[in-house]
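Structure, rendered in structure tokens:
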């Protein structure tokens, strides 16, 4: 490679220009997002059935799906949530399964399940949805005059279809109202006065609004269609439907009911800044770029607005792309600033502008080439790949600097520039290759990881790997070429004429440092055994102490975020309108707490999502009308000291002013939502068993123990277990005596308490819009407000009696409103948030609390899940990865040097890396997390690279001087400058990232600080401990090779006599 570059420099430069052009194109085309594509294999099935209780959804629907999905290949787990009118099935699969094949199998099994479901069940919605398929904003519809029904219809029929033209966008259902419906509201008193029943009215609607296909008549030369008005033309025509036929006075719909072009029974409302509104969550598919989806949506906004009436406003709010762009931009700026500082540090050491410029040029060349490779490998620009590129800058500088510094040394020997460049580059070729392979080996375990750790760590590893590979290639091609073209010849005393005075060479600062360093190293070598022992004891003790005292988190804690989401839980079964009032009161308290001017926007969803919209439960999952989700965005002008403290203040204010409300803060930022994988809180204790009552008793014991932990907040059982009900127990014998069947009673009951939507499907066509809408019969809510009203529901047409109370016993009770299942067990979940404590500490305390609660009931199991479970799995994976990296490097070095002893010497600096990184993280208030582990792993690679440079030189000198001590001192002195340059350049380059400033400061600061801490201490160990260890361990080692070949002159088994005899024989044969 070096020879080719020197022989054909123009070809190399042209090739680099070509790569730069393609890399520049890739830079503009590569997708930009906050996180890599995690590709989590998850499929959801959302099965609606309006009016069914949670218990019915579980028994008639959920268990069928749960059992049938087990036939799908690659299935890992099936979790089911059942609430009123909705069953949500989550199918999780093992990694590396073919999701296209799996999706087809799931669809086939869904078709089989449909044969066993209750009559009237509509087909479910099956979607591939994971933590990456998240809302990236909201399209908000608002108007001063238009009703909610019109906003909902406009959003659904005019705007939602345009999402198909947005690549990567997901067309979710509108939130805020319910589906447009022709609603026939019956007055019970007038109905009874005409001796009608609810079922009779439903039957009349079905009979008089019937879909019938049009036929054809051959009239003359034309084939004429014969459409009829079997489907009513206008909503007003429903008033004229006859309810009673035959002899006697006619009774029409207008006599007993009102007819409205309205919506299905409201089950939830959206509030934007406290006012009812409608919004569409703008979501993206898991492999789509947030930036591309939002950009395409914003380009469509003018077209969307043109389709709406002038009195309806459309705005895009909660734009997550701003956060993504700010995060990526901040990291890019930090990386650029780091590269600039690195270049300045190189200049200070080399004191040669041309050499520094060559080094700096290799940085963008390597980074651009790496971006091109990232695009070709299907990666994106995100905080992980950008962090990897920022980390790689130090190594890029190191490889070029080592070559240039060695070239200067060869020039000092009096060589010509061309000879010095070639010899110096060739001399460093193998050591740099070994360094490159060693650093790549550090990141190789990323391919062995699984799940989220692999999804996060692999893109960073690829970014670092691509950069370092390109950097090595440049150090052997571009750097020698530019050095030949740009560097100046060194002037030597012998080049000056005999008559000219010879200048005295003054000792520079670096020469003085090297001299004093050599003296100190000599002193340390006099006490080699003691120095090494003290180092090992101190390093391992410090690592152990720091590791036991430092906290652990999945990702760095974000305490400067300006958005938060809180779930508000009222008394179970609280009416939707009453819960809406409480949410508005919470908004008023929030404005009083932080100031109205400091709130940018609020978005709330009160109540449940309509069963008509199957996928809505994936975005908002409320178990009843008593729950609400509130999202708040604070203005950038608000001086936020700590988000944790603000959350605590909000809790205290709500509990004081609205004592019947409970609060639970949930993830809102993209990073939090993606890492939580759907968990609503960091801590989740799941109790699974056969008897939900027994589990509830045990759950209360656990809660009692959890309440003792001072830093836990919002501790509660997630599922509502005491939802108020009016139990109707039909006396079948009594009903039979009165000539009634259960079917007749049930139809009248459903029409009176719910609607006929699912029991008697009927459609009306809006010919102006070309959309069909359902028609349903329901009782006016104001007439159904007591048990007595339920008892008075008539059951027989033409008679006031019998009523429901005549054939049924009606009583009030409380039942669970949500049933969660996993396998054969029903699940109860205790959720909790943490306050100003790391997740690892909280998780340990929770495990202890669960143990203190005693043994669970027979047949029940208890597990700590949520983000805490993912934290444990991630840290175990990272620790295994770090250990595996150390083993891989050790084996690689042993094979390269043909010596386990030299490999051990090089590895001796690793404890210092761990100690320095952990110490700096601890004193700066950081924790061990995904980012800091990556910093530590990178520091290990750099420390091994520095140690490798020194030990390689020391071993060469040992064979030359036949003295390990002299060789170690000399190698340390010779490698002092490049090692210091690498350490200081990389550390200075990491300062912007480690500072913690900017929008992503909290996320990437641990990475930078871990690198700085590990590098500083490992450099001290490399320069002062490593030579001492080398002189101690290599003092009595043979100078011969470990080769077993008797023909190898460097081998201890070299057979001189046999070799001479063979030579003589060959010579005689030739003669």
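In the numbering used here, the protein residues as written are 596 to 1666. Every residue gets a Cβ at the ideal spot worked out from N, C-alpha and C, and that includes glycine.
Spatial neighbours of residue i in its chain, beta-carbon cut-off 7 Å, leaving aside the 5 residues before and after
i            : result
residue 680  : 643, 644, 645, 646, 647, 1206
residue 821  : 809, 810, 811, 812
residue 1029 : 1491, 1543
residue 941  : 951, 954, 992, 996, 1576, 1580
residue 1591 : 1597, 1600
Nearest-angstrom Cβ-Cβ length linking residue i and residue j, presumed shorter than 8 Å
i            : j            : result
residue 1426 : residue 1279 : 6 Å
residue 1541 : residue 1569 : So it is not a contact: roughly 13 Å between Cβ atoms.
residue 1121 : residue 601  : Rounded, the Cβ-Cβ distance is 46 Å, inconsistent with contact.
residue 696  : residue 666  : About 13 Å separates the two Cβ atoms, so there is no contact after all.
residue 1062 : residue 987  : 4 Å
residue 872  : residue 737  : 5 Å
residue 1503 : residue 1620 : 7 Å
Residues bridged to residue i [DSSP beta-bridge criterion]
i            : result
residue 1282 : 1423, 1457
residue 1403 : 1325
residue 672  : 687
residue 1428 : 1308
residue 974  : Its beta-bridge partners do not exist; DSSP assigns none.
residue 820  : 811
residue 682  : 642, 677
residue 1368 : 1359
residue 1227 : 1159, 1197
residue 1125 : Per DSSP, none; premise fails for residue 1125.
residue 1205 : Its beta-bridge partners do not exist; DSSP assigns none.
Sub-7 Å separation of residue i and residue j beta-carbons
i            : j            : result
residue 1271 : residue 1462 : yes
residue 998  : residue 1059 : no
residue 1458 : residue 1310 : no
residue 638  : residue 682  : no
residue 1471 : residue 1045 : no
residue 735  : residue 874  : yes
residue 767  : residue 861  : no
residue 631  : residue 977  : yes
residue 1473 : residue 1556 : no
residue 1306 : residue 1412 : no
residue 912  : residue 1196 : yes
Delimiting residues of the beta strand (DSSP E) encompassing residue i
i            : result
residue 759  : No beta strand (DSSP E) holds residue 759; DSSP gives it neither H nor E.
residue 911  : 908-912
residue 781  : 775-781
residue 870  : 870-879
residue 852  : 852-858
residue 735  : 730-737
residue 838  : 837-839
residue 722  : 720-723
residue 1258 : 1257-1261
residue 582  : For residue 582 there is no data in the structure shown, the boundaries of the chain being 596 and 1666.
residue 1414 : 1414-1417
Same chain, Cβ closer than 8 Å to residue i, neighbours up to 5 away in sequence not counted
i           : result
residue 692 : 636, 668, 669
residue 711 : 659
Cβ neighbours of residue i in the same chain (closer than 6 Å, five flanking residues each side left out)
i            : result
residue 1453 : none
residue 610  : none
residue 1508 : 1534, 1535, 1538, 1609, 1613
residue 1408 : 1320, 1322
Residue i: first and last residue of the uninterrupted alpha helix (DSSP H) it sits in
i            : result
residue 647  : Taken as a continuous stretch (DSSP letters only), residue 647 belongs to no alpha helix (DSSP H), as it is neither H nor E.
residue 749  : 743-749
residue 703  : 694-709
residue 1584 : 1571-1589
residue 1547 : 1525-1556
residue 1174 : 1171-1189
residue 1075 : 1073-1081
residue 865  : No alpha helix (DSSP H) contains residue 865, which is instead part of the beta strand (DSSP E) from 863-867.
residue 1239 : 1238-1252
residue 794  : 793-803
beta-carbon residue i near the ligand HEM non-hydrogen atom, thresh 6 Å
i           : result
residue 618 : As presented, the structure is devoid of all ligands, the ligand HEM included, so that no description of it is given.
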